[in-house]
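Okay, structure first, notes after.
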Amino acid sequence: MALAVSGLLLNGCATNKSDTSVVPEDHIQANSLPAWTTQPPQRSGMAYGIGSMEIYGNPTQAVQRAGELARADLVSQLKVTVSGQNTNDTTEFRLNGESSRVQQTLSQVVKSQIPKAELDEVAIVKTYVDDKYAYALAELDRVAAAARIKQQISDVEVKLNAMAATPLANGSRLEQLQQRLPALSEFAMRAQLADQYALISPERRRPALNAGLAAYRDAILNALKELQVHLVLLDDGARIMRGGLIEALTTQGLRLNDSADADLTFEVSAQLDTREQEGNQYVFANSRVILRDDQGKVISTFSKQAKGVSGIKQLALQKASEKVADLLADELAQSLVTRLR
Numbered sequence: 001m002a003l004a005v006s007g008l009l010l011n012g013c014a015t016n017k018s019d020t021s022v023v024p025e026d027h028i029q030a031n032s033l034p035a036w037t038t039q040p041p042q043r044s045g046m047a048y049g050i051g052s053m054e055i056y057g058n059p060t061q062a063v064q065r066a067g068e069l070a071r072a073d074l075v076s077q078l079k080v081t082v083s084g085q086n087t088n089d090t091t092e093f094r095l096n097g098e099s100s101r102v103q104q105t106l107s108q109v110v111k112s113q114i115p116k117a118e119l120d121e122v123a124i125v126k127t128y129v130d131d132k133y134a135y136a137l138a139e140l141d142r143v144a145a146a147a148r149i150k151q152q153i154s155d156v157e158v159k160l161n162a163m164a165a166t167p168l169a170n171g172s173r174l175e176q177l178q179q180r181l182p183a184l185s186e187f188a189m190r191a192q193l194a195d196q197y198a199l200i201s202p203e204r205r206r207p208a209l210n211a212g213l214a215a216y217r218d219a220i221l222n223a224l225k226e227l228q229v230h231l232v233l234l235d236d237g238a239r240i241m242r243g244g245l246i247e248a249l250t251t252q253g254l255r256l257n258d259s260a261d262a263d264l265t266f267e268v269s270a271q272l273d274t275r276e277q278e279g280n281q282y283v284f285a286n287s288r289v290i291l292r293d294d295q296g297k298v299i300s301t302f303s304k305q306a307k308g309v310s311g312i313k314q315l316a317l318q319k320a321s322e323k324v325a326d327l328l329a330d331e332l333a334q335s336l337v338t339r340l341r
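UniProt numbering numbers the first residue of the sequence shown as 1 and each following residue consecutively.
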C-alpha cells in the first residue's frame, strides 16, 4: 500500500516575515527564471521538489505556499519510484497471511494512536519571486534521513526485544494478553518507520522484521485469536438474532464459548423494528451491549442501531444481525486497546 502524503509531517517551514513586507530580503528577484524552477538539481543521495504559487497581494504568503507545494512535490517524486510491494500497513497485524475483523479494527485503532512520523531533513533551500509567481525548491538528504530512520527502527526493536524477554505473569488468558498488548503499538510504530524508510532509502525496501520479533508478534495475535467470548442474549429481540449473530461472530474469527468461564462476555439486548417500503424489507435492530471481563467487571457499554435491507424479511434480519456482530467485534478491538491496557 502506497504511503499517503498526509501520513508524513514535513518540518522546516519557509521564512516568515511580517505581512507588511513586500518581498522578503532573502528571496531572490531577477529578470529571468533560475534553472531550478523548471528542472531540479541532480545530486547523488539527494531528492528535490519544486513548488510555485501565483502572487495575490502578499509575496511572503505566496512563498510560504510555494514551499508547502515543493515539499509535497518532493514526496510525490519519491512515491513514484517506490514499489507497492514494499509498503503494506497491515503486514504487522496479519497472522499466516490472514486478518480477522477484530485484528483489522485493532490495527486501525493502534495506528491512530501512534504519532505521525516526521521527515525532519526536508528543507527549503532556494526561493525566487517575480512579478506574478513565487517559487521554492525543497531538498532532502536521503542518506541522512535514512540513517536516522534506521536508528529509530533499531530503538523500537530494542524495546520490543525487552518486551518479548519479559516473562508472562501468572493469570488468565485475558490478563496475559493485556500484558502483551502494549507491544502492538511498538510494532505499528516500526511498520510506519519501515514504510518511511522504503520511501527515502536508496534500496527502496522495508527493513525486514527479524524472526524472533515476528514470532513474538504472531504469539500476541494468536493469544488474541484464542480469546473465548460468551454471548448472552437478554431479550426476545436478541434471541431472534441468535443464529445470525453466532454465524457472523464465528466468521469474524471470534471463539464462542457457551460457558460462564469465558474470557469476555457480551450481554446483548435488542428491539427489532420491521418495515416494508417499495417491496423491500427493513429490519432495524436497536441494540444495547455490555462487555464484561472474566471477573464480571463492566468494561464498556454502548447502544447503537443496525439496519438490514432485503427483498426477503429473513435476509434483512440476517443482515441486521451481521451489522450487530460487526459492532461487537469493533467494540472488542477498541476495548482491548483503550480499556484493557
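Even for Gly, the Cβ is constructed at its ideal location relative to N, Cα and C.
Using 8 angstroms as the threshold, is the region 285 to 297 in touch with the region 265 to 275, meaning 3 or more CB pairs across them?
Taking one beta carbon from each stretch, the region 285 to 297 and the region 265 to 275 have 3 or more pairs nearer than 8 angstroms; the two touch.
Give the single residue among 172, 176 and 149 whose Cα lies nearest to the Cα of residue 191.
To locate residue 191, count along the sequence shown from 1; it is residue 191. If we check each option's Cα against that of residue 191, 149 comes out closest.
Using a threshold of 8 angstroms, state whether the C-beta atoms of residue 318 and residue 244 are closer than that.
Locating residue 318 in the sequence shown gives position 318, counting from the first residue. Locating residue 244 in the sequence shown gives position 244, counting from the first residue. Yes, Cβ-Cβ distance for residue 318 and residue 244 is below 8 angstroms.
Could you check what DSSP says for residue 89 in three-state terms: helix, strand or coil?
As a working mapping, residue 89 is identified with position 89 in the sequence shown. Annotation note: pLDDT 43 at residue 89 (below 50); position unreliable, coordinate value reported separately. In the structure shown, residue 89 sits in coil (DSSP, three-state: anything other than H, G, I, E or B).
Taking 8 angstroms as the threshold, find out whether the region 145 to 159 comes into contact with the region 191 to 203 through three or more Cβ pairs.
Taking 8 angstroms as the limit for Cβ pairs, the verdict is that the region 191 to 203 does touch the region 145 to 159.
Rounded straight-line distance, which links the Cα of residue 265 to that of residue 242:
Within the sequence shown, numbered from 1, the residue matching residue 242 stands at position 242. Within the sequence shown, numbered from 1, the residue matching residue 265 stands at position 265. Distance between the alpha carbons of residue 242 and residue 265 is about 15 angstroms.
When 227, 233, 153 and 316 are compared against residue 213, the one with the closest alpha-carbon:
Numbered from its first residue, the sequence shown carries residue 213 at position 213. The shortest C-alpha separation from residue 213 is found at 153.
Only counting runs of 3 or more residues, tell me where the beta strand (DSSP E) segments fall wholly within the UniProt domain "Lipoprotein LPP20-like" (34 to 141), in order along the chain.
46 to 54, 123 to 129 and 133 to 141, all fully within the UniProt domain "Lipoprotein LPP20-like" (34 to 141).
Bridge-paired residues (DSSP) for residue 303
Taking the first residue of the sequence shown as 1, we reach residue 303 at position 303. Answer is 288.
If you follow the beta strand (DSSP E) that residue 274 is part of, which residue opens it and which one closes it?
The residue given as residue 274 occupies position 274 in the sequence shown. Note, residue 274: beta strand (DSSP E), 264 to 277.
Alpha helix (DSSP H) segment containing residue 327, residue limits
Walking along the sequence shown from the start, residue 327 turns up at place 327. For residue 327, the enclosing alpha helix (DSSP H) starts and ends at 313 to 338.
Within this structure, are the beta carbons of residue 106 and residue 337 separated by less than 8 angstroms?
What you label residue 106 is simply residue 106 of the sequence shown in a count that begins at 1. What you label residue 337 is simply residue 337 of the sequence shown in a count that begins at 1. Yes; because the gap between Cβ atoms is below 8 angstroms, this pair is in contact.
In whole angstroms, give me the CA-to-CA distance for residue 281 and residue 320.
As a first step, residue 281 must be located in the sequence shown, where it is residue number 281. As a first step, residue 320 must be located in the sequence shown, where it is residue number 320. Looking at the two C-alpha atoms, the distance is approximately 11 angstroms.
Is DSSP giving residue 210 helix, strand or coil here?
Looking up residue 210 in the sequence shown gives position 210. Three-state DSSP puts residue 210 in coil, outside helix and strand.
I think residue 47 touches residue 54, with their Cβ atoms under 8 angstroms apart; what is that distance to the nearest whole Å?
Here residue 47 is taken as the residue at index 47 of the sequence shown, counted from 1. Here residue 54 is taken as the residue at index 54 of the sequence shown, counted from 1. Between residue 47 and residue 54, the beta carbon gap of about 25 angstroms keeps them out of contact (Cβ cut-off 8 angstroms).
Can you tell me which of 255, 226 and 34 puts its alpha carbon nearest to the alpha carbon of residue 344?
An answer regarding residue 344 cannot be provided, because it is not within the stretch 1 to 341 covered by the chain.
Specify, as a first and last residue, the run of the beta strand (DSSP E) that residue 228 falls within.
Against the sequence shown, residue 228 aligns to sequence position 228. Per DSSP, residue 228 belongs to the beta strand (DSSP E) from 228 to 233.
Do residue 74 and residue 343 count as a contact pair if the criterion is CB distance below 8 angstroms?
No answer is possible for residue 343: it lies beyond the span of the chain, which begins at 1 and ends at 341.
Inspect the CB distances between the region 63 to 71 and the region 115 to 127 and report whether three or more fall short of 8 angstroms.
Taking a cut-off of 8 angstroms for Cβ pairs, the region 63 to 71 and the region 115 to 127 touch, as three or more such pairs fall below it.
By alpha-carbon positions, which one of 32, 279 and 330 ends up nearest to residue 249?
Along the sequence shown, read from residue 1 onward, the residue named residue 249 stands at position 249. Nearest to residue 249 by alpha-carbon distance, out of 32, 279 and 330, is 330.
To which residues does DSSP link residue 310 through a beta bridge?
As a working mapping, residue 310 is identified with position 310 in the sequence shown. Paired residues: 281.
Contact set for residue 70: own chain, Cβ-Cβ below 7 angstroms, skip 5 residues either direction
In the sequence shown, the residue the question calls residue 70 occupies position 70. Leaving aside the five residues that flank residue 70 on each side, the residues in its chain whose CB is nearer than 7 angstroms to its CB run, in chain order, 49, 50, 51, 124, 136, 137 and 138.
Buried/exposed call for residue 306, threshold 16 Cβ in 10 Å
Taking the sequence shown and counting its residues from 1, the one referred to as residue 306 is at position 306. Answer is buried; the Cβ neighbour count reaches 16.
Pick helix, strand or coil for residue 256, following the three-state DSSP scheme.
The residue labelled residue 256 in the question sits at position 256 within the sequence shown. The DSSP-derived three-state label of residue 256 is strand.
How is the alpha helix (DSSP H) around residue 236 delimited, first residue to last?
The count along the sequence shown starts at 1 and reaches residue 236 at position 236. That run of the alpha helix (DSSP H) goes 236 to 240.
Does the distance from the CB of residue 252 to the CB of residue 325 come in under 8 angstroms?
Stepping through the sequence shown from its first residue, residue 252 is reached at position 252. Stepping through the sequence shown from its first residue, residue 325 is reached at position 325. Going by C-beta atoms, residue 252 is nearer than 8 angstroms to residue 325.
Closest to residue 254 by C-alpha separation, out of 273, 274, 230 and 234, would be which residue?
Taking the first residue of the sequence shown as position 1, residue 254 is located at position 254. With respect to the C-alpha of residue 254, the residue from 273, 274, 230 and 234 having the closest C-alpha is 230.
Quick one: what's got a C-beta closer than 6 angstroms to residue 100's C-beta in the same chain, skipping five residues either side?
Position 100 of the sequence shown holds residue 100. Correct list, in chain order: 252 and 253.
Candidates 308, 335 and 292, of which the one nearest residue 275 by Cα
Indexing the sequence shown from 1 puts residue 275 at position 275. Closest option to residue 275, Cα to Cα, is 308.
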